[in-house]
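Undergrad: Residues are numbered in my numbering as their position in the sequence shown, beginning at 1, plus a constant of 42. Let me begin by handing over the structure; questions about it come next.
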Amino acid sequence: MIFHENEQRWNDWTWQHAHSCKDLSTLNEWLEKAGSKNPIPKKHFNEITSSYRMGITPYYFSLMTRYDESDPIFRQIVPSNEELNILPEELIDPIGDENPARGSRPLKALIHRYTNRVLLIPTAQCAVYCRFCFRKRLVGDTAHNAREEDLRAAYGYIQSHPEIDEVILTGGDPLTLGDQSLLTILKALERIPHLRMIRIHTRLPVVNPFRLTPELGEIISTLNKPVWVSAHFNHPQEITDTAREHILKWVSLGIPFLNQSVLLQGINDSASILQDLFMSLIEMKIKPYYLHQADMVQGTSHLRVAQQRGLEILKELQGEIPGYALPHYVLDRSDGSGKIPLQNQWI
Ligand code: SF4
Numbered sequence: 043m044i045f046h047e048n049e050q051r052w053n054d055w056t057w058q059h060a061h062s063c064k065d066l067s068t069l070n071e072w073l074e075k076a077g078s079k080n081p082i083p084k085k086h087f088n089e090i091t092s093s094y095r096m097g098i099t100p101y102y103f104s105l106m107t108r109y110d111e112s113d114p115i116f117r118q119i120v121p122s123n124e125e126l127n128i129l130p131e132e133l134i135d136p137i138g139d140e141n142p143a144r145g146s147r148p149l150k151a152l153i154h155r156y157t158n159r160v161l162l163i164p165t166a167q168c169a170v171y172c173r174f175c176f177r178k179r180l181v182g183d184t185a186h187n188a189r190e191e192d193l194r195a196a197y198g199y200i201q202s203h204p205e206i207d208e209v210i211l212t213g214g215d216p217l218t219l220g221d222q223s224l225l226t227i228l229k230a231l232e233r234i235p236h237l238r239m240i241r242i243h244t245r246l247p248v249v250n251p252f253r254l255t256p257e258l259g260e261i262i263s264t265l266n267k268p269v270w271v272s273a274h275f276n277h278p279q280e281i282t283d284t285a286r287e288h289i290l291k292w293v294s295l296g297i298p299f300l301n302q303s304v305l306l307q308g309i310n311d312s313a314s315i316l317q318d319l320f321m322s323l324i325e326m327k328i329k330p331y332y333l334h335q336a337d338m339v340q341g342t343s344h345l346r347v348a349q350q351r352g353l354e355i356l357k358e359l360q361g362e363i364p365g366y367a368l369p370h371y372v373l374d375r376s377d378g379s380g381k382i383p384l385q386n387q388w389i
C-alpha cells in the first residue's frame, strides 16, 4: 500500500476525488513508492496533457500490478507518447455529437440523437481521464459544464418533447457531482410526466466505487422512475471486492446495472480476458450491454483493435458463455447517426 491514509479517508469518495493524480511529479512519486524504477519522462508529457489532461484516483492507481504499458490499468490511464501520433482519418468528434447537419445538439447540455431518448450532460468533469475517451474534446474543460440556466433549458426541451421517454445522464461523469446537485437534477427529471426512465453512465463504480454510498443509493431507489446505472468496466483487474460490495449494495436496493466496455488493444483484445470480464460482471449482477469498437478519436490508434479482430473474438466467445453474458459489439457512426451492430455472418 503506497497511500498511508486511514481506512475512513481511503473509503471516502470525496477524498479519492480530491487526491486524484493530475501532474507528472505526483505520478512519478506514486510510481516510485510503488517500486517502479521507470519514471515517466518529462519529454512530451506536457504537450500531451495540455490538450488532454490526466486524472487518476488513488484507488484506481492501486489496481495496477505492473507499472508500464503491459498493465491494463496503466495503459488505460497513463498518458502515452503514442497519443501524439494523429492519423489523418482520426477525428476530434468521432461520433458526430456536434454534426450541424444533423442538429443533434440543440442545447449546450443536451444531445438528441435518437427520437425517444436524449443525453443530458450536466458536467464535463470525470474522476479519471481515460486515454481512449471519445469525448476528449470536452471532458475536463470547465467551460463545458452545464450552468443552471443550461439545465433549465434542457428540462424545458425534454418537457416539450413528449416522444422522449428516457434521459441518459452522461458527460463527463455525472457521479462526480455532489449528492445535492445530482438529486436536484434527478428530482427535476422525476417531475416530467412522460419520462419513463433515467440512466446514469458512469466510470465511478470502476475508478472510485466508494461513490456508490448507501445514502445516495437509498434516495435513487425511492425516485418514482427507474434509474439504471451503466458502468464501464474494461478488464477483470478492475473488478475488486470493494467494487463488488458497493455495487451489490445498490443492486440490493433495486437499482439495475448494465456495463459498457471498449475493445482496447493490449488491454482486453482476447476472448479469454473478455470471457473472464463478462462472467465476473454477471456474478456482480451487472448485464454486459455493449462492447464498443473504439472510436476514431485523435491519438488513439495504439489502443484501437481492427474490426475484423473484434469479430473473431466475438466468434470465439459465442457458445463459451451464456447468451445473456454476451454484449452487443457495436460501432458508433461518425456522422452522429448512432450505433450499428457489428456481427458475424452465421448462415
Ligand atoms: S470516464 Fe468516460 S467520459 Fe470520462 S474520460 Fe473516461 S471515457 Fe471519457
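We put the beta carbon where it would ideally sit given N, CA and C, even for glycine.
Does the beta-carbon distance from residue 59 to residue 250 come in below 9 Å?
TA: By 1-based counting over the sequence shown, the position of residue 59 is 17. By 1-based counting over the sequence shown, the position of residue 250 is 208. Yes.
Undergrad: If we ignore side chains and look at the alpha-carbon of each, how far apart do residue 284 and residue 186 end up?
TA: For the purposes of this step, residue 284 is taken as the residue at position 242 of the sequence shown. For the purposes of this step, residue 186 is taken as the residue at position 144 of the sequence shown. Spanning the two alpha carbons is a distance of roughly 32 Å.
Undergrad: For my contact list, residue 208 and residue 158 are in at a C-beta cut-off of 8 Å; report their separation, rounded to the angstrom.
TA: In the sequence shown, the residue the question calls residue 208 occupies position 166. In the sequence shown, the residue the question calls residue 158 occupies position 116. Residue 208 to residue 158, Cβ: 7 Å. Contact.
Undergrad: Threshold first: 4 residues or longer. Then list the alpha helix (DSSP H) segments lying entirely within the segment 330-366, N to C.
TA: 349-359
Undergrad: What separation, rounded to the nearest whole angstrom, lies between the Cα atoms of residue 356 and residue 304?
TA: Position 314 of the sequence shown, counted from the first residue, corresponds to residue 356. Position 262 of the sequence shown, counted from the first residue, corresponds to residue 304. When rounded, the distance between both Cα atoms is 13 Å.
Undergrad: Buried or exposed: which applies to residue 388, given that a residue is buried once 16 or more other Cβ atoms fall within 10 Å of its Cβ?
TA: By one-based count along the sequence shown, residue 388 stands at place 346. Residue environment analysis places residue 388 among the exposed positions, since fewer than 16 neighbouring C-beta atoms fall within 10 angstroms of its C-beta.
Undergrad: Answer yes or no: the CB of residue 169 versus the heavy atoms of ligand 1, is any distance below 8 Å?
TA: In the sequence shown, the residue the question calls residue 169 occupies position 127. Yes, Cβ of residue 169 sits closer than 8 Å to a heavy atom of ligand 1.
Undergrad: DSSP beta-bridge partners for residue 63?
TA: On the sequence shown, residue 63 is found 21 positions in, with the first residue counted as 1. Answer is 98, bridged to residue 63.
Undergrad: Could you tell me if residue 302 is buried or exposed, where buried requires 16 or more neighbouring beta carbons within 10 angstroms of its beta carbon?
TA: The count along the sequence shown starts at 1 and reaches residue 302 at position 260. The residue is buried, with at least 16 neighbouring Cβ atoms inside 10 Å.
Undergrad: Do three or more CB pairs link the segment 336-343 to the segment 286-301 at distances below 8 Å?
TA: Result no; under three Cβ-Cβ pairs closer than 8 Å.
Undergrad: Helix, strand or coil for residue 45, going by three-state DSSP, please let me know.
TA: Taking the first residue of the sequence shown as 1, we reach residue 45 at position 3. In this structure, residue 45 counts as coil in the three-state DSSP scheme.
Undergrad: For residue 154, count neighbouring C-beta atoms within 10 Å of its own C-beta (all shown protein chains included) and say buried if the count is 16 or more, exposed if not.
TA: Here residue 154 is taken as the residue at index 112 of the sequence shown, counted from 1. It is buried - the Cβ of residue 154 has at least 16 other Cβ atoms within 10 Å.
Undergrad: Helix, strand or coil for residue 106? Go by DSSP, reduced to three states.
TA: Translated into the one-based positions of the sequence shown, residue 106 becomes position 64. Coil.
Undergrad: Using DSSP with H/G/I as helix, E/B as strand and the rest coil, what is residue 123?
TA: Counted from its first residue, the sequence shown places residue 123 at position 81. Helix.
Undergrad: Which runs of the beta strand (DSSP E) at least 3 residues long sit entirely within the segment 193-230? Give them in chain order.
TA: The segment 193-230 contains these whole beta strand (DSSP E) runs: 208-211.
Undergrad: Would a C-beta distance cut-off of 9 Å place residue 169 and residue 139 closer than the cut-off?
TA: One-based indexing of the sequence shown puts residue 169 at position 127. One-based indexing of the sequence shown puts residue 139 at position 97. Contact: no.
Undergrad: Scan the segment 241-307 and note each continuous alpha helix (DSSP H) run of 4 residues or more that stays entirely inside, going in chain order.
TA: 246-249, 256-263, 283-294
Undergrad: Measure the Cβ-Cβ separation of residue 221 and residue 261 and say whether it is below 9 Å.
TA: Translated into the one-based positions of the sequence shown, residue 221 becomes position 179. Translated into the one-based positions of the sequence shown, residue 261 becomes position 219. Result yes, Cβ atoms of residue 221 and residue 261 sit closer than 9 Å.
Undergrad: Should residue 243 be labelled buried (16 or more other beta-carbon atoms within 10 Å of its own) or exposed?
TA: Taking the sequence shown and counting its residues from 1, one reaches residue 243 at position 201. Buried, because 16 or more other Cβ atoms sit within 10 Å of the Cβ of residue 243.
Undergrad: Look at the alpha carbon of residue 180 and the alpha carbon of residue 311, and state the distance between them as a whole number of angstroms.
TA: On the sequence shown, position 138 is the one that residue 180 refers to. On the sequence shown, position 269 is the one that residue 311 refers to. Each residue's Cα considered, the two are about 27 Å apart.
Undergrad: Let me see if you follow: with CB-CB separation under 9 Å, is residue 129 close to chain C or not?
TA: This model lacks chain C altogether, as it is built from one protein chain only.
Undergrad: Given this structure, state the Cα-to-Cα distance separating residue 197 from residue 97, to the nearest angstrom.
TA: Position 155 of the sequence shown, counted from the start, is the residue given in the question as residue 197. Position 55 of the sequence shown, counted from the start, is the residue given in the question as residue 97. Just so you know, the alpha carbons of residue 197 and residue 97 end up roughly 31 Å apart.
Undergrad: Residue 347: beta carbon under 8 Å from a heavy atom of ligand 1?
TA: For the purposes of this step, residue 347 is taken as the residue at position 305 of the sequence shown. Not so, every heavy atom of ligand 1 lies at least 8 Å from the Cβ.
Undergrad: I need the DSSP call for residue 153, collapsed to helix, strand or coil.
TA: Here residue 153 refers to the residue found at position 111 when the sequence shown is read from its first residue. Strand at residue 153.
Undergrad: May I ask which residues mark the beginning and end of the beta strand (DSSP E) holding residue 161?
TA: By one-based count along the sequence shown, residue 161 stands at place 119. Element bounds for residue 161: 159-162.
Undergrad: Helix, strand or coil for residue 382 per DSSP?
TA: For the purposes of this step, residue 382 is taken as the residue at position 340 of the sequence shown. Strand.
Undergrad: Between the alpha carbons of residue 319 and residue 359, how many angstroms are there, rounded?
TA: For the purposes of this step, residue 319 is taken as the residue at position 277 of the sequence shown. For the purposes of this step, residue 359 is taken as the residue at position 317 of the sequence shown. Using only the alpha carbons, I get a separation of about 12 Å.
Undergrad: Check whether the segment 89-109 and the segment 55-73 touch, using three or more Cβ-Cβ pairs below 8 Å as the test.
TA: yes
Undergrad: How long is the line joining the alpha carbons of residue 76 and residue 113, rounded to whole angstroms?
TA: Position 34 of the sequence shown, counted from the start, is the residue given in the question as residue 76. Position 71 of the sequence shown, counted from the start, is the residue given in the question as residue 113. Those two C-alpha atoms are separated by around 14 Å.
Undergrad: Determine the burial state of residue 121: buried for a count of at least 16 other Cβ atoms within 10 Å of its Cβ, exposed for fewer.
TA: Locating residue 121 in the sequence shown gives position 79, counting from the first residue. Classification for residue 121: buried.
Undergrad: Just the C-alpha distance for residue 325 and residue 52, rounded to the nearest angstrom, thanks.
TA: For this step, residue 325 is matched to residue 283 along the sequence shown. For this step, residue 52 is matched to residue 10 along the sequence shown. So the alpha carbons of these two residues sit roughly 25 Å apart.
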